[in-house]
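Peer 1: Sending over a structure as structure tokens; questions will come in a sec.
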Amino acid sequence: MNLAEWAKHYIKFKDCMKRQITSIEELDGKLLVHEKKEDKLYCIAEELKNSLLEEKKCEGRKFLVTLNTPANVKFLADNWQLVQNDEITIIFANIKTNESWTIHPKTHSKIIEDKTIKQGLMSLHESITSC
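Here the numbering used here is used: the first residue of the sequence shown is -19, the next is one more, and so on.
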């Protein structure tokens, strides 16, 4: 199973009680999830890079699904200023063990000091098996 397939299963599982999803479109490196009340864009990337964090062309809620690697967590910590005020949810996954952790940077920025971001993110990273 690759990261995009894992993300699709994850999205469907998260919706199993609410049953809001009407369809899921597979786009180039993205999943556009159509729900009864809104659309959600899931960007899928095994490796984080600036272009993904800077992308602002999304109506509705935006999600980023990536692998739970030390490099991805370090990249997010080093580029925190790009997402700390955005309505984005970032999902770090280990697709082999079916484990994940999620962070909403806008909310997280309100409850943690900037100088402890890297330490906090690494603690979350270590809470599940690394890829």
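For each residue, glycine too, the CB sits at the ideal point set by N, CA and C.
On a predicted model such as this, the values are computed, not experimentally measured, just so you know.
Closer than 7 Å by C-beta to N65: which residues in its own chain qualify, once you throw out the five before and the five after it? Chain order, please.
Peer 2: K86
Peer 1: Closest to T109 by C-alpha separation, out of S89, I97, W81, would be which residue?
Peer 2: T109 has its Cα closest to that of W81, out of S89, I97, W81.
Peer 1: Going by C-alpha to C-alpha distance, which of M102, L21, T77 sits closest to I68?
Peer 2: L21
Peer 1: Does DSSP put K42 in a helix, a strand or coil?
Peer 2: strand
Peer 1: If I1 and E15 are in contact, beta carbons under 8 Å, what's the gap, nearest whole angstrom?
Peer 2: 6 Å
Peer 1: Straight-line CA distance for E79 to S103?
Peer 2: 15 Å
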